[in-house]
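Enquirer:
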Amino acid sequence: MFSKLSRKKRGIASLLVLSLLLVTLCACGTKDSAGTDSQANTNATSEKQPETGTEEKQDGEQAQDTASTEAGPDISEEVTLVMYLIGDRPVDNDEVFAKINERLKAEINATIDVKFMSWSEYEQKYPLIFASGEDWDIIYTADWCFYNAQATKQGFYEITQEALETYAPMTAETMYEEAWEQAKVDGKVYMLPMNYKEITAYVYMARGDLMDKYNITSVSSLDEAEAYMDAIVKNEPSLIPIDVGSDYDKLFFYDRMWKKANWENNAAGNEIISEIGPWQVMASASEVDGNLTVMGDFDQETFYDVITRLKDWRDRGFWSKNAVVNTQNNTESFQAGKSALAMMNGNTAKSVYASVSAEHPEWDIRVFDAQDGVPPVLNSYLANGMSIFSKSKHPERALMALDYLRNDEEINSLFCYGIEGKHWEDAGEGLLVSLPDSANYAYDSNCNWGVRNDANWRMIEGGIPNLAELNSAWQESAESERFQTFVFNDESVKNEIAALGEIFNTDYKLLGLGFTDDLDADIEKLREKMEAAGAQKVYEEIQKQALAFLEAN
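Counting in the working numbering, the sequence shown runs from -11 upward without gaps.
This is how it looks when you write it as structure tokens:
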């Protein structure tokens, strides 16, 4: 499926990318990112009319009908594909997709109707749309965004090698082989992962005018962020130091503190702590003398200290008392002038820096490394991807559309950056310049992350002054997490995970923002709820599968 020629091209692309390696979310991002030159023969590629009973094809062995004429599958019927993305709809989204649809209509006789799930609702809404009875076709997914959960529930359409070669030949030629392997769940592929090598690292974005006013020289650590926010809360009553909110960033500071504490613990030669399994089960693995024990984060020694510091920050007013119900994330509040500090992944920072600096040059925006000595994560390709709904009435046409979104340079650039001449300009040598209208369709901010492609990727010219320095440091220290490619099969514990997810969205997030008046009692309450919901059964199943994973790898 993957030719020697394509491997050579990818090798060249990889060398270029490693010199300018971009960073992101999860989350996307997180939260802190598709194309090939071989597109000439694809215009004739088209879809055979899908069979009825698509649902039946997902039960047992899926029948992939790849019969075609010499001219390719039949695309005589025009179809509209419904695609779900994560985040808020950009102001110019419809204008951008009108141009994308113009090309798709000409190439594959299909158009895309884009729907969005906001950051504040996606955790609840995402699983529901699979059972809603709604007709839809394509959805963003990731290892952090329900990929494994829906793949094991037959929520996604299986993408076979034969289907890829028939309906997505550009992707078949250019996809990284390791990405295809990583996407397998029980030996089958249900996602087209991003074709992009990325690091996830986080940054603080602060207002330089306020830093100078209060003699703050740096915001590059938790301690320095604390000093900056303390100055704001004492002297700037109209500003919230950092306005965390929405499901997107409720646990940003918890995550930074948790990783910092465990990194320092590991670096000192003590017990190794690794995050493992679905995020909503709050599990981590302790490794002592080569043995592996999976337990809840709340049973790790570092948990109490982290929540204690978060409570102190909350008590001092570093974020709003309404943070738990705030639907605006901290980046949006910072851009709107409501707060003095924001935290985000490095990829998001590039577009935010460009737009805020243009709108408010007097703020003197400055960007600092928020890793605080913790190595950033060298992501798996599953950090971003696109899947097809198992009940889609047009799965083959959806696969063809994804092939163009990933690989056609014009379509991919429209999705990732917007309209050339309106939102961005070509600056040559893989660079672009963001234009004022990019505020309405920001660079790499439209949940396009699942179609990122090293072959077409452009970086912003200029932008964050110290970005090259940050990238260099991250490249030198980035590490893959031990269980990064571990795919947990939740088939035997689905009900327990659903129950644990409810606790995650209530008790856990409250503690993660420091909302507690009796820390010991609330941690014990969390533990009791988790145990009653079946946490131990889930942890034992994760541990069993993790040990098998380690043995096989």
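Each residue gets a CB set at the ideal place from its N, CA and C atoms; glycine is no exception.
Classify ARG354 as helix, strand or coil using the three-state DSSP reduction.
Expert: strand
Enquirer: Buried or exposed: which applies to ALA78, given that a residue is buried once 16 or more other Cβ atoms fall within 10 Å of its Cβ?
Expert: In the sequence as displayed, the identity of residue 78 is Pro instead of Ala. Using a 10 angstroms sphere on the CB of PRO78, the tally of other CB atoms reaches 16 or more, which defines it as buried.
Enquirer: Checking 7 Å against the spacing of the C-beta atoms, do LEU280 and LEU535 come in under that value?
Expert: yes
Enquirer: Taking only the alpha-carbon atoms, compute the straight-line gap between ALA201 and VAL207 and give it to the nearest angstrom.
Expert: Residue identity check: residue 201 is Lys in the sequence provided, not Ala. Straight-line Cα distance between these residues: approximately 14 Å.
Enquirer: Whose C-alpha, out of ASN183, ILE63, MET158, is nearest the C-alpha of GLU169?
Expert: ASN183
Enquirer: Helix, strand or coil for PHE118? Go by DSSP, reduced to three states.
Expert: coil
Enquirer: So, at 7 Å on beta carbons, what are the nonlocal neighbours of GLN472 in its own chain, with the 5 sequence-adjacent residues on each side left out?
Expert: SER368
Enquirer: Measure the C-alpha to C-alpha separation of VAL191 and ILE228 and round it to an integer number of angstroms.
Expert: When rounded, the separation of the alpha-carbon atoms in VAL191 and ILE228 is 18 Å.
Enquirer: Helix, strand or coil for PHE286? Go by DSSP, reduced to three states.
Expert: helix
Enquirer: Is VAL221 helix, strand or coil when you go by DSSP?
Expert: In the structure shown, VAL221 sits in a helix (DSSP, three-state: H, G or I).
Enquirer: Judging by CA-CA distance, which residue of ALA461, GLN138, LYS525 is the nearest neighbour of PHE377?
Expert: GLN138
Enquirer: Would you identify the three-state DSSP class for GLU166, choosing helix, strand or coil?
Expert: Reduced to three states, the DSSP call for GLU166 is helix.
Enquirer: At 3 residues or longer, what runs of the beta strand (DSSP E) sit wholly inside the region 297 to 340?
Expert: Taking only runs of at least 3 residues, the beta strand (DSSP E) segments lying wholly in the region 297 to 340 are 329 to 333.
Enquirer: Select from THR504, ILE100, PHE286, TYR114 the residue whose C-alpha is nearest the C-alpha of GLY75.
Expert: TYR114
Enquirer: Could you tell me how far apart the beta carbons of GLY284 and ALA523 are, in whole angstroms, since I believe they sit closer than 8 Å?
Expert: 6 Å
Enquirer: Report yes if the C-beta distance between TYR135 and LYS103 is below 7 Å; otherwise report no.
Expert: no
Enquirer: Since LYS338 and ILE485 should fall inside the 8 Å C-beta cutoff, what is the C-beta to C-beta distance between them, to a whole number of angstroms?
Expert: Not confirmed; about 35 Å, so no contact.
Enquirer: When the cut-off is 7 Å and only beta carbons count, does SER209 lie next to chain D?
Expert: No chain D is part of this structure, which consists of one protein chain only.
Enquirer: Given this structure, state the Cα-to-Cα distance separating ALA119 from LYS379, to the nearest angstrom.
Expert: In this model, ALA119 and LYS379 are separated by some 10 Å (Cα to Cα).
Enquirer: When DSSP labels each residue in this structure, what does SER468 get in the three-state scheme?
Expert: coil
Enquirer: Kindly indicate the opening and closing residues of the beta strand (DSSP E) around LYS185.
Expert: Taken as a continuous stretch (DSSP letters only), LYS185 belongs to no beta strand (DSSP E), as it is neither H nor E.
Enquirer: Just to confirm the assignment, what range does the beta strand (DSSP E) spanning LYS103 have?
Expert: 98 to 105
Enquirer: Pairing CB atoms from the region 410 to 422 with CB atoms from the region 445 to 461, are three or more of them under 8 Å?
Expert: yes
Enquirer: Output yes or no for whether 7 Å exceeds the beta carbon distance between ASN444 and ASN400.
Expert: yes
Enquirer: Which residue wins for smallest C-alpha separation from GLU252, given the options THR290, GLU457, PHE241, GLU263?
Expert: THR290
Enquirer: Drop a sphere of 10 angstroms on the beta-carbon of ASP123, count the other beta-carbons inside from all chains shown, and report buried for 16 or more, exposed for fewer.
Expert: exposed
Enquirer: Given that a residue counts as buried once 16 or more other Cβ atoms are within 10 Å of its Cβ, and exposed if not, what is GLU166?
Expert: Flag for GLU166 reads exposed.
Enquirer: Does the Cβ of ASN203 have 16 or more other Cβ atoms within 10 Å, making it buried, or fewer, making it exposed?
Expert: exposed
Enquirer: Does the beta-carbon distance from VAL221 to GLY305 come in below 7 Å?
Expert: yes
Enquirer: What are the boundary residues of the alpha helix (DSSP H) that includes TRP246?
Expert: Per DSSP, the unbroken alpha helix (DSSP H) holding TRP246 starts and ends at 240 to 255.
Enquirer: Closest to GLY175 by CA distance: which of ALA509, ASP495, ASN477 is it?
Expert: ASN477
Enquirer: May I ask you to report which of helix, strand or coil DSSP gives ASN279?
Expert: strand
Enquirer: Between THR504 and LYS299, is the Cβ-Cβ spacing less than 7 Å?
Expert: yes
Enquirer: Exposed or buried, what is PRO225 when buried is set at 16 or more other beta-carbons lying within 10 Å of its beta-carbon?
Expert: exposed
Enquirer: Figure out for me which residue from LYS525, LYS410, MET332 has the closest Cα to the Cα of LYS482.
Expert: LYS525
Enquirer: Excluding five sequence neighbours on each side, which residues of the same chain lie with their C-beta closer than 7 Å to the C-beta of VAL294?
Expert: TYR242, MET245, TRP246, ALA249
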